[in-house]
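Numbering (the UniProt record's numbering), first residue to last: 1 to 293.
For every residue, glycine included, the Cβ atom is placed at its ideal position computed from N, Cα and C.
In this text the structure is predicted, and so the values were computed from the model without any measurement.
Worksheet: one structure, shown below.
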């Protein structure tokens, strides 16, 4: 997906574990199938997972998660990754890496969840709990004002050409930019509540993973879950559980639209699942506009 991405395989992970965590050297290593774009995951035995950055831009996430996940976990209503080991460069791998507890569940399919109302309430409770955490944390990757995305969003629309309704998405983007900015103090947000970072079991939220983008700022970015994960009839339940006003909802929709538009041309050929999710989100937002929602 990127020119500076490195190849990772189970053999490398097994050598890293044997050299740095010999107590786990006898455990089998198996790559976890994933559409993730930042890190590679390898299951280690039944109860652990090894997470390694795939390119230089993801390296800082290792220290970020090692530091903040233990502080956030006790304050959240569902499990999040628990670091149990911190690896260092070795065996030809140039960066730090993590060993975490394995979390059971599966990724939901955008727009095709089993229990949409229940999942909406679960997601809303998670977002609300994260917002209550003491905001003495680092700035979130997507914690700044929405207008900082303007240039990249317009460039993506231009690159997509006739693959999207450029006039319609541009009008919706400009509407989002007109929404009042976040005027309160910085608040914690996950920043990437998409299908690949959410686990469900029996239709309910069972865990939230990948906190590399988590931090403080405008929490409207977490409202992207409404379009990335939920069908239209379940969105009001999510919004009620979070508790947000019209301005924040508009910014959240703008975040969802911008993230999907920027991702779509970049991953059109290199990561078809991400591209398909992006198309789904754009279609959902356009449909909301047609319904006057």
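Kindly list the residues whose CB is nearer than 8 angstroms to the CB of residue 195, restricted to its own chain and excluding five residues on each side of it in sequence; keep chain order. Walking along the chain shown from the start, residue 195 turns up at place 195. Contacts found: 107, 108, 109, 110, 228, 229, 277.
Same chain, Cβ closer than 6 angstroms to residue 128, neighbours up to 5 away in sequence not counted: Residue numbering aside, residue 128 sits at position 128 when the chain shown is read from its first letter. Hits under 6 angstroms: 242.
Chain-order list of residues whose beta-carbon lies under 6 angstroms from that of residue 181 (same chain, five-residue window excluded): Residue numbering aside, residue 181 sits at position 181 when the chain shown is read from its first letter. So the qualifying residues of the chain are 145.
Let me know if residue 38 comes out buried or exposed under the rule of 16 or more other beta-carbons within 10 Å of its beta-carbon. Taking the first residue of the chain shown as 1, we reach residue 38 at position 38. That one is buried.
When DSSP labels each residue in this structure, what does residue 183 get in the three-state scheme? If you number the chain shown from 1, residue 183 lands on position 183. DSSP places residue 183 in coil when its eight states are reduced to three.
Across which residues does DSSP place residue 39 in a beta bridge pair? Position 39 of the chain shown holds residue 39. Beta-bridge pairing links residue 39 to 53.
Identity of the residue in 166, 60, 100 nearest residue 283 by Cα: Along the chain shown, read from residue 1 onward, the residue named residue 283 stands at position 283. Answer by Cα proximity: 166.
Pick from 193, 234, 112 that is closest to residue 223, judged by C-alpha positions: Walking along the chain shown from the start, residue 223 turns up at place 223. When only C-alpha atoms are compared, the closest one is 193.
Counting only runs of 3+ residues fully inside the stretch 190–266, write out the beta strand (DSSP E) ranges in chain order. 198–201, 204–208, 215–217
Would residue 205 and residue 122 qualify as a contact pair, given that the criterion is a beta-carbon distance under 9 angstroms? Residue mapping note: residue 205 aligns to position 205 of the chain shown, counting from 1. Residue mapping note: residue 122 aligns to position 122 of the chain shown, counting from 1. For residue 205 and residue 122, yes; Cβs fall inside 9 angstroms.
Look up residue 8 in the DSSP assignment and say whether it is helix, strand or coil. Counting from 1 along the chain shown, the entry for residue 8 is found at position 8. Residue 8 falls in the coil class under three-state DSSP.
For residue 258 and residue 173, the rounded distance between their alpha carbons: Position 173 of the chain shown, counted from the start, is the residue given in the question as residue 173. Position 258 of the chain shown, counted from the start, is the residue given in the question as residue 258. In a straight line, the C-alpha of residue 173 is about 7 angstroms away from that of residue 258.
Sequence ranges, alpha helix (DSSP H) only - wholly within the stretch 74–138, length at least 4: 116–131
Is the separation between the beta-carbon of residue 216 and that of residue 189 shorter than 9 angstroms? Translated into the one-based positions of the chain shown, residue 216 becomes position 216. Translated into the one-based positions of the chain shown, residue 189 becomes position 189. Closer than 9 angstroms, so yes.
Is residue 71 buried or exposed, if buried means 16 or more other CB atoms sit within 10 Å of its CB? For this step, residue 71 is matched to residue 71 along the chain shown. Under this definition residue 71 is an exposed residue.
Can you check whether the CB of residue 264 is closer than 9 angstroms to the CB of residue 163? Locating residue 163 in the chain shown gives position 163, counting from the first residue. Locating residue 264 in the chain shown gives position 264, counting from the first residue. Result yes, Cβ atoms of residue 163 and residue 264 sit closer than 9 angstroms.
First through last residue of the alpha helix (DSSP H) which encompasses residue 163: Counting from 1 along the chain shown, the entry for residue 163 is found at position 163. First-last for residue 163: undefined, no H or E at that position.
What do you reckon, are the CB atoms on residue 312 and residue 247 nearer than 9 angstroms? In the structure displayed, the chain extends from 1 to 293; residue 312 sits before or after that span and is not available.
Which value, in whole angstroms, describes the spacing of the CA atoms of residue 69 and residue 48? For the purposes of this step, residue 69 is taken as residue 69 along the chain shown, with counting starting at 1. For the purposes of this step, residue 48 is taken as residue 48 along the chain shown, with counting starting at 1. Going by the C-alpha atoms only, they are around 16 angstroms apart.
Assign residue 300 to one of three DSSP states: helix, strand, or coil. In the structure as shown, the chain begins at 1 and stops at 293. Residue 300 is therefore absent and cannot be evaluated.
So, with DSSP's three-state summary, where would you put residue 44? The residue you call residue 44 lines up with position 44 of the chain shown. Strand at residue 44.
Given residue 82, which residues of its chain have a CB within under 8 angstroms of its CB, disregarding the five upstream and five downstream residues? The residue given as residue 82 occupies position 82 in the chain shown. Closer than 8 angstroms at the Cβ level, and outside the excluded window around residue 82, lie 69, 70, 73, 100, 101.
Would you call the CB atoms of residue 260 and residue 175 closer than 9 angstroms? In the chain shown, counting from the first residue as 1, residue 260 sits at position 260. In the chain shown, counting from the first residue as 1, residue 175 sits at position 175. In this structure, residue 175 does not lie closer than 9 angstroms to residue 260 by Cβ.
Please report the straight-line C-alpha distance between residue 12 and residue 57, rounded to a whole angstrom. Here the question's residue 12 lines up with position 12 in the chain shown. Here the question's residue 57 lines up with position 57 in the chain shown. In a straight line, the C-alpha of residue 12 is about 20 angstroms away from that of residue 57.
Own chain partners of residue 254 with C-beta closer than 6 angstroms, once the 5 adjacent residues on each side are dropped: In the chain shown, residue 254 corresponds to position 254, counting from 1. Only 146, 176 meet the Cβ criterion.
Rounded straight-line distance, which links the Cα of residue 293 to that of residue 266: For this step, residue 266 is matched to residue 266 along the chain shown. For this step, residue 293 is matched to residue 293 along the chain shown. Roughly 29 angstroms between the two C-alpha positions.
Assuming the contact rule is C-beta atoms closer than 8 angstroms, residue 289 and residue 252 should be a hit. Round their C-beta distance to whole Å, please. As a working mapping, residue 289 is identified with position 289 in the chain shown. As a working mapping, residue 252 is identified with position 252 in the chain shown. Actually they are not in contact, since the Cβ atoms of residue 289 and residue 252 sit about 15 angstroms apart, beyond 8 angstroms.
Would you mind reading off the limits of the beta strand (DSSP E) that contains residue 29? Along the chain shown, read from residue 1 onward, the residue named residue 29 stands at position 29. Run containing residue 29: 29–31, per the beta strand (DSSP E) assignment.
C-beta atoms of residue 114 and residue 237 nearer than 9 angstroms: Position 114 of the chain shown, counting from 1, holds the residue named residue 114. Position 237 of the chain shown, counting from 1, holds the residue named residue 237. Not closer than 9 angstroms, so no.
Rounded to the nearest angstrom, what separates residue 201 and residue 125 at their Cα positions? Sequence index remark: in the chain shown, residue 201 carries index 201 (1-based). Sequence index remark: in the chain shown, residue 125 carries index 125 (1-based). The straight-line gap from Cα to Cα measures roughly 16 angstroms.
According to DSSP, is residue 188 helix, strand or coil? Counting from one through the chain shown, the residue named residue 188 turns up at place 188. Three-state DSSP puts residue 188 in a strand.
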